[in-house]
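Chains A and B supply the protein sequences, listed in that same order.
Start counting the first sequence at 624; every next residue gets the next number (this note's numbering).
Start counting the second sequence at 10; every next residue gets the next number (this note's numbering).
Every residue gets a Cβ at the ideal spot worked out from N, C-alpha and C, and that includes glycine.
Just so you know, these numbers come straight off a predicted model, no measurement behind them.
In what follows, a structure is listed as structure tokens, so that the remarks can point back to it.
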Amino acid sequence: MRSIKKGFLLLLMVALSSALFAQGTMEPKAKGPVTLEVWARGDEIKQFVPGFEAANPDIKVNVTVIPDADMTTKLITVFASGKGVPDLFMQEASYITYLVEAGSFADLNKDPYHINDYRDNIWQATLDVGTDSTGVVRALTWQTNPGAIIYRRDIAKKYLGTDDPEAVSKLIDTDEKMLSVAARMKKDGIRFVSSFKDIYDSKVAQRSSPWVINGNLVIDPVLVGFMDMAKTIIGSGYDLGVDQWASEWIAAVESDDLFCYILPPWGYQYVVKPSAQKTIGKWAITTPSTPYISGGSYLGIYDKTPYPQEAWKFFSYVLLNEDSQYEYAKNSGDFVVLKSVCDKLAAGEGEEVLGGQNPNGIFIKEMQNEFRKLNTVYDSQLNDAFISAIKAYAAGLSKVEAIAGFRKDVKTAFPEILVD
Amino acid sequence: MKGGKSRMSTSRLNKRRNHWGYMFITPFFVVFALFGLYPIIYTFRLSFQRWNGFTPAINVGFQNWIRLMEDATFPLSLTNTVKIWLYDFIPQLGIALLLAMIFTFKKIHGMNLFRAVYYLPNLITAASIGLLFNILFNGDKSTINQLLMKLGLLNAPVAFYKSRAITQGISSYILWWMWFGYTMILIMAGITSIDSTLYEAAELDGCSTWQTFHLITMPLIRPTILYITITSIIGGIQIFDVPANLTNLAGDPQKAILTTSMYVYQQGFKNTALGYASMLSVMQFLIIAALSFIALNMILKRGTR
């Protein structure tokens, strides 16, 4: 019996010591190919991997796709334990400020990173989103997102008398004009816009102040004014009545009763282009009266990555390499972050889905505008809460009640914000 | 002497046997301590801290508890949860009892098939079901709207998920549909374990079906009902997957299906207030414990009356 006891103790010691040694093996190996861990919000970054690995045989890239809603949860878990933090990770524009301000991303202009060398060729508005409050650039997107109206040519011809992008833009360049066209379309069962949220995003960018200034909540008059427009849209059925990304919202690309999506180029890339089959050639893109930028997938490098050189190589291949950006944009139909690549794209062929139109020229013109830097760490939650307030107003609450409800929600979510 | 020696060796043997016993149950306790007990204690500690997950946690004393006093959303989420649970649990128990009676006392053709079919929804992931019902009801062109309009029952599509009552109703219905089969099987097991001689005696004494049910079956399956009620309270107060996937994480429309667990998740991982979310979790734990205690007492008291 004693020998069994001894044997058991010995086994226990071996198990414990091997666990201790296992810790040591967690350190990066000096030799052999390096594997970069990338947490992405979608599949698209994978398009860059084969080209990158071919050019850098000593670096492997492992992409894990994590939905937006789960990204923060996963990041908090790995940050808390300090183990398994990815070398590069991504977030959507409205969440990115939080990570940028939390200091988890490396300063992209500190050795070995040198984003300043590329500054002149990057659209300033995209740089602004990934810049923290002290002026340090910590994240960047490969896609640039000027607002656009992606509309059906056949419906435009019937109700506006033309399908020419410039003419269409002028015919719906105010809220009143949009609502009047929407009313005419609705009589025949056609919805003007995919969701009131499309227009909300443009209004958010048209505000004159961010959500929070010096700890005080600011509800911009533009948004308060939009509540009435949204109520009309929802109440009169001028939109599809479902949230963005609902199956019916995507399926509407192929229906004959939706006039337009008001979304940045990613709306064309992810929604219209992949779904269009029988509507190929029936779509066109124009710009809204007030320029704005919205959304985008921002990528940053973990400030404590054991592989800073390799991480920068991948980062610059995805975001700062003209050839890879051009290849990506040509395949996806996305509008990218390097100005030189956008110029090249604008000189290229048009899109089949858009009836041969090449929208890049319009986007380039749009990006010449000045865009206010309005992002705060609260944007994603505060916009969601305000959308809820708009829905409540449309459902019958008074405007005062809906706004009071919004203030209460903000106070509940972020007690540090002064709401009155 | 001999006898004394043998007594000693027997007690030593028992001790050794005890050691082995402890050793065999150790793995469970180690796993439980690591993945059950430690997180509970850690959550309790976090409830006195402010932590966003990225920067170090700060001790804030009772600040999170004071914050709760002013929070109107937590009681609302609790009311929603209890409402959704009650509208699911009462019909669930009723239907399960009825079906269990029918299946146990009447010989029904194809009974095994029915039993399996009723249990089937319980095997599907709750999140998938939430998503499925989202697609069924969401939008003017949703499956249900199209079906009802084709059948001539509706003239215009209904915006199901814009109505608070309908959305809550759909949540309760899904939970009922998922769990009544499971509850029915437990009750059937309870009924089968009752001594058949009691029923024979009741029949000889001329008891009616209602009297047999009321005076024999119900009192004897009380432990089963108790088990079902307590596990349902524990699960019910923690409802998350179905409502979270039915509309959105905010519990639209107008927080109609924002449950306590969804609110904890929102505070923890959307607002990154992990300390406050931990405090809410502790509250949720205390509420579940209190409700379970009340349920236990109520059912046991009835039993002794």
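message: Rounded to the nearest angstrom, what separates S878 (chain A) and E676 (chain A) at their Cα positions?
response: The alpha-carbon atoms of S878 (chain A) and E676 (chain A) are separated by roughly 41 Å.
query: Cα-Cα, which of A:D1007, A:K962, A:E974 is closest to K988 (chain A)?
result: A:K962
is_contact[L968 (chain A), chain B] using C-beta, thresh 8 Å: So no, L968 (chain A) is outside the interface.
message: Contact criterion: CB-CB distance below 8 Å. Does N116 (chain B) meet it with respect to chain A?
response: Before going further, note that residue 116 (chain B) is Lys rather than Asn in the sequence given. Judged by the 8 Å Cβ criterion, K116 (chain B) is not in contact with chain A.
task: Within 10 angstroms of the Cβ of D1007 (chain A), are there 16 or more other Cβ atoms? Answer buried if so, exposed if not.
output: buried
- prompt: What's the C-alpha gap between F302 (chain B) and A286 (chain B)?
  reply: Approximately 24 Å, taken between the alpha carbons.
field: Cβ of P1038 (chain A) within 8 Å of any chain B Cβ
entry: Interface annotation, P1038 (chain A): in contact with chain B, CB-CB separation under 8 Å.
message: Beta-carbon within less than 6 Å of Q867 (chain A)'s beta-carbon, same chain only, minus the 5 sequence neighbours each way: which residues are those?
response: S818, K820
query: Is the beta carbon of A1012 (chain A) sitting closer than 8 Å to the one on I1026 (chain A)?
result: yes
task: Please report the Cβ distance between M197 (chain B) and A304 (chain B), rounded to the nearest whole angstrom; I am assuming they are in contact, meaning their Cβ atoms lie under 8 Å.
output: The pair is not a contact, with the Cβ atoms about 22 Å apart (cut-off 8 Å).
field: Within-8 Å CB hit, D149 (chain B) to chain A
entry: yes
- prompt: Any idea if S626 (chain A) is buried or exposed, counting beta-carbon neighbours within 10 angstroms, 16 or more meaning buried?
  reply: Annotation note: pLDDT 49 at S626 (chain A) (below 50); position unreliable, coordinate value reported separately. It counts as exposed.
query: Unbroken alpha helix (DSSP H) runs of length 4 or more, entirely within the segment 843–903 of chain A: which are they?
result: Runs of the alpha helix (DSSP H) lying entirely within the segment 843–903 of chain A and spanning at least 4 residues, in chain order: 844–859, 870–874.
query: Can you round the beta-carbon distance between Y921 (chain A) and Q714 (chain A) to whole angstroms, since I take them to be within the 8 Å contact cut?
result: 6 Å
- prompt: Going along the chain, which residues of its own chain have a beta-carbon closer than 8 Å to the beta-carbon of T855 (chain A), five neighbours each way excluded?
  reply: L802, Y861, listed in sequence order.
- prompt: For the segment 731–748 of chain A against the segment 1016–1024 of chain A, are there 3 or more C-beta pairs whose distance is under 8 Å?
  reply: no
message: Pop quiz: I795 (chain A) and W906 (chain A) are said to be a contact at Cβ under 8 Å. What is the actual Cβ separation, rounded to whole angstroms?
response: That pair is no contact at about 16 Å.
task: Return the residue from the list B:V39, B:Y96, B:T52, B:I230 that minimises the CA-CA distance to I179 (chain B).
output: Ranked by Cα distance from I179 (chain B), the first of B:V39, B:Y96, B:T52, B:I230 is B:Y96.
- request: Using three-state DSSP, classify M990 (chain A) as helix, strand or coil.
  value: For M990 (chain A), the secondary structure class from DSSP, reduced to helix, strand or coil, is coil.
- prompt: Can you name, in chain order, every residue of its own chain whose Cβ lies under 6 Å from the Cβ of D261 (chain B), other than the five neighbours on each side?
  reply: none
query: From R1 (chain B) to P130 (chain B), what does the alpha carbon distance come to, in whole angstroms?
result: With chain B running from 10 to 314 in the structure shown, residue 1 (chain B) is simply not present.
message: Helix, strand or coil for F728 (chain A)? Go by DSSP, reduced to three states.
response: strand
message: For a cutoff of 8 Å on Cβ pairs, would you count S641 (chain A) as touching chain B?
response: Low per-residue confidence applies at S641 (chain A): pLDDT is 40, beneath 50, and the placement is therefore not dependable enough to give any value.
- prompt: Would the beta-carbon of D693 (chain A) fall within 8 Å of that of P656 (chain A)?
  reply: The Cβ atoms of D693 (chain A) and P656 (chain A) do not sit closer than 8 Å to each other.
task: Classify H291 (chain B) as buried or exposed, calling it buried when 16 or more other Cβ atoms lie within 10 Å of its own Cβ.
output: Just to set this straight, residue 291 (chain B) is Val in the shown sequence, not His. That one is buried.
field: Collapsed DSSP secondary structure at K683 (chain A) in the structure displayed
entry: strand
message: If we define contact as Cβ-Cβ less than 8 Å, is A638 (chain A) a contact residue for chain B?
response: Here A638 (chain A) scores only 43 on pLDDT, less than 50, and its place in the model should not be relied on; the value that follows carries that caveat. It does not; no Cβ of chain B falls within 8 Å.
At least three beta-carbon pairs within less than 8 Å, the segment 899–913 of chain A to the segment 175–191 of chain B: Because the criterion of three Cβ pairs below 8 Å is not met, the segment 899–913 of chain A and the segment 175–191 of chain B do not touch.
message: For T648 (chain A), would you say it is in contact with chain B, using Cβ-to-Cβ distances shorter than 8 Å as the test?
response: Its pLDDT being 37, under 50, T648 (chain A) is placed unreliably by the model, and nothing is read from it.
Buried/exposed call for W872 (chain A), threshold 16 Cβ in 10 Å: buried
query: Does the beta carbon of E871 (chain A) come closer than 8 Å to any beta carbon on chain B?
result: yes
- prompt: Going by DSSP, what residues sit across from W188 (chain B) in a beta bridge?
  reply: Partner(s): none; W188 (chain B) has no beta bridge.
- request: Under 7 Å between beta-carbons, which chain A residues line up against N280 (chain B)? List them in chain order, please.
  value: Under the 7 Å cutoff, chain A gives Q1004, A1036, F1037.
- request: Drop a sphere of 10 angstroms on the beta-carbon of T757 (chain A), count the other beta-carbons inside from all chains shown, and report buried for 16 or more, exposed for fewer.
  value: exposed
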